[in-house]
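Mapping of the sequence shown onto numbering that gives the first Met the number 0: position 189 corresponds to residue 188, and the numbering continues sequentially without gaps.
All C-beta atoms in this analysis are idealised placements derived from N, C-alpha and C, irrespective of residue type, glycine included.
On a predicted model such as this, the values are computed, not experimentally measured, just so you know.
See below for the structure under consideration.
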Amino acid sequence: MSFRQSFEHSEALFEAALAEFAANGYEQASINRILQTAGMSKGQFYYHFKNKEGLYLALIEILIARKSEFLARVMQPEDFQQDLFGIFKRQIGHGLAFARAYPAINQFAESFAREQGNAIYDKALATYNFTGDGPVANLVEAAFARGELRQDLPLPFMKRLIGFLFTHAVAAADLNDPNCYEQNLNDLIEFMRAGAAKRIDIR
């Protein structure tokens with residue numbers, strides 16, 4: 000089941016779960032507290048979700064969808080008239096705008112980053128295949144076809160590596176300082192540019 004399939008109390012459950020997981024992390028989050036806040040019975044909950052893990056993964060699914068919908072609205076044609084790494088920087092800027100517009104979602108995203116090393120984090124990555132085929136992989140593939148990237152490295156390798164770096168970008172960013180966070184993400188992109196961009200022979 001997913002929050003995409005609307006049901007009674009679905010939005011209240013979404014908001015309550017978002018706050019509970021952000022405040023307490025996955026392991027310490029309480030389904031009872033979530034249901035009490037949402038005004039939803041256990042019977043209603045278990046009709047739609049198997050367990051806490053199912054709720055958590057469904058929450059991530061809707062957050063991915065909402066951010067994708069936001070980026071689709073705000074990204075302009077000129078944003079794509081950059082090289083791959085310029086597009087990434089534009090997306091970071093829009094992503095920070097999304098975080099400011101939806102602070103509760105941003106707080107959950109930060110709490111999810113702190114789950115690295117836990118089983119639920121690995122399960123989420125496997126479920127949503129962040130490092131495989133997807134928007135980032137599609138951008139890398141298009142850049143490779145345009146000749147922007149090194150041709151001596153296999154495309155599947157670059158798609159996996161760049162996807163991995165984006166998935167784990169928060170590990171290199173200071174979550175307590177938004178300004179530092181943005182700078183670190185931009186530094187990461189420049190690091191990727193240095194390693195993956197087509198090399199110009201100036202001899």
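Output the distance between the C-alpha atoms of L62 and F97, rounded to the nearest integer angstrom.
-> Those two C-alpha atoms are separated by around 11 Å.
Considering F20, what are the terminal residues of the alpha helix (DSSP H) in which it resides?
-> Start and end: S9 to Q27.
Considering G92, what are the terminal residues of the alpha helix (DSSP H) in which it resides?
-> Counting along the chain, the alpha helix (DSSP H) containing G92 begins and ends at L83 to A100.
Residues bridged to L148 (per DSSP) = Here L148 is bridged, per DSSP, to A196.
To the nearest angstrom, how far is it from the Cα of E189 to the Cα of F84?
-> Distance between E189 and F84, taken at the CA atoms: about 8 Å.
Considering E77, what are the terminal residues of the alpha helix (DSSP H) in which it resides?
-> Membership of E77 in any alpha helix (DSSP H) is not indicated, and neither H nor E is assigned to it by DSSP.
Specify the secondary structure class of N31 as computed by DSSP and reduced to three states.
-> Note: N31 maps to helix in three-state DSSP.
If you follow the alpha helix (DSSP H) that A118 is part of, which residue opens it and which one closes it?
-> Taken as a continuous stretch (DSSP letters only), the alpha helix (DSSP H) holding A118 covers A118 to Y127.
Beta-carbon gap between A18 and A103 smaller than 8 Å | Result yes, Cβ atoms of A18 and A103 sit closer than 8 Å.
When burial is assigned at 16 or more other CB atoms within 10 Å of the CB, is A195 buried or exposed?
-> By the 10 Å Cβ count, A195 comes out buried.
Grouping DSSP H, G and I as helix and E and B as strand, with all else coil, what is S67?
-> It is helical.
So is N105 buried or exposed if we call it buried at 16+ other beta carbons inside 10 Å?
-> Its Cβ being crowded by 16 or more others within 10 Å, N105 is buried.
Could you check what DSSP says for H47 in three-state terms: helix, strand or coil?
-> Helix, per DSSP.
Could you round the C-beta distance between A37 and F48 to whole angstroms and report it? I think they count as a contact, below 8 Å.
-> Between F48 and A37 the Cβ distance is about 12 Å, and since that is not below 8 Å, they are no contact.
In angstroms with no decimal places, state the Cα-to-Cα distance between F87 and F111.
-> Their Cα atoms are separated by approximately 21 Å.
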